[in-house]
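Here the sequence shown stands for residues -18 to 297, numbered as in my numbering.
Worksheet: the structure to be examined is printed underneath.
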Amino acid sequence: MIWQKMLYGTGALLLSTAILLAGSMEIGEAAKAESGIRYFMQAPKAKGSDTPYGNNTAAGHYAQAGDAKIYYEIYGKGKPLFVFHGGGVGTPYEMGQMIDNLRKNYQVIVVSTRGHGRSEIGHSELTYEQKANDMLAVMREVTDEPAVLLGFSDGAYTAYKVASMYPERAERIVAIGAGTLKPGFFGGEMKVADLEKIDAAFIEQQKRIMPEPERYQEFCTNYMNFWSKMEVGEDFLRTIECPVLLIAGDEDDHAPLVTMVEAEQYIPKSSLCIVPKAWHTAFLDNFDVTWTAVEQFLQTDKAKLIGSRKVEYNRK
């Protein structure tokens, strides 16, 4: 059977690749992280964080955003830093090691995107503006000052939109796996039944956490419809005024390197870190390189974050 593209983070992962990976990861076994929660396709021997991010109600809160309640958790003290996870089968827990490090020096606000985890789906049409306004609702609950936004894939695109629509809210951005994007790149369907074949334990977990599990397929269908029409280009990216660190795995097929290079050229105060031997989830595949880049960017005085020199290149 020839598998079509499915959504992982924001993008298209060949299910054939997932099945090959499943063989080495023993997907289908009830492999769970020690914290009692898992991320999609988590290998049996992979240790996640001891904190069940996204399902730790002791640290949980809700913000009303339009017709949906958005769930978020708060950890640590210091300058506010918002973490926006990937979409589709993305979860905050997937970014656990990153959050563990960040919360040592920042007040980290871990947000579950609309329709993901404990956040509600709502009934309004999913739009890019809605994504930004959902996050703004959470930000307003926590702080009045400009904040650091760290997003992965879908979460990184949301951070871009927040910074474009509400520049006073974004102090700087770390964007992992989010380059230029043309309509139709993320197409096809995302069926819950297909996801269950890859990682039944994860899907069961998500249904248990979701406020409306009976609407899971409805959300997946609407989500893919949104992303099939999504476009991120030069005109939009040039509206982002704050410093941006773009991070890309050199083997990323969701945000191919050429799209990351284009984004770096268009965002005025941006720099690009290419992580070797890493896929879309660079923070999982090569955490040390990813974290070193993030830490240096966060510790640098904002006045010095002027971005890389934009070098002309042959685009014929």
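Each residue gets a CB set at the ideal place from its N, CA and C atoms; glycine is no exception.
Source: prediction; values computed, not measured.
Of all alpha-carbon atoms in Ala263, Asp234, Met205, Ala259, the one lying nearest the alpha-carbon of Gly96 is that of Met205.
Judged by DSSP in its simplified three-state form, Gln23 adopts coil rather than helix or strand. By the neighbour-count definition (other C-beta atoms within 10 Å, threshold 16), His104 is an exposed residue. In terms of CA proximity to Phe65, Leu130 leads the group Lys58, Leu130, Gly160, Tyr147. Residue pairing by DSSP places Ile287 in no beta bridge whatsoever. Tyr74: not part of any alpha helix (DSSP H); DSSP gives it neither H nor E.
Listed in chain order, the non-local C-beta contacts of Arg150 below 8 Å within the same chain comprise Leu117, Met120, Pro127, Ala128, Val143, Ala144, local neighbours out to five positions each way being set aside. The region 154 to 169 and the region 38 to 52 do not touch, with fewer than 3 CB-CB distances between them shorter than 8 Å. If you keep only unbroken alpha helix (DSSP H) runs of at least 4 residues inside the region 133 to 182, you get 135 to 146, 173 to 179. The three-state reading of DSSP puts Ala244 in helix, counting H, G and I together. Cα atoms of Glu185 and Val70: separation of roughly 12 Å, rounded to the nearest angstrom. Shown here, Ser251 sits in a strand according to DSSP, grouped into three states. Here Asp233 has Gly158, Met241, Ala259, Trp260, His261, Ala263 as same chain residues with Cβ atoms under 8 Å from its own Cβ, once five neighbours each way along the sequence are excluded.
Nearest to Ser252 by C-alpha distance, out of Gly230, Asp269, Phe278, is Phe278.
Using a 10 angstroms sphere on the CB of Ser134, the tally of other CB atoms reaches 16 or more, which defines it as buried. Nearest to Ser209 by alpha-carbon distance, out of Tyr197, Gly168, Lys291, Leu218, is Gly168.
For Met76 and Ala244, the gap between their C-alpha atoms comes out near 23 Å.
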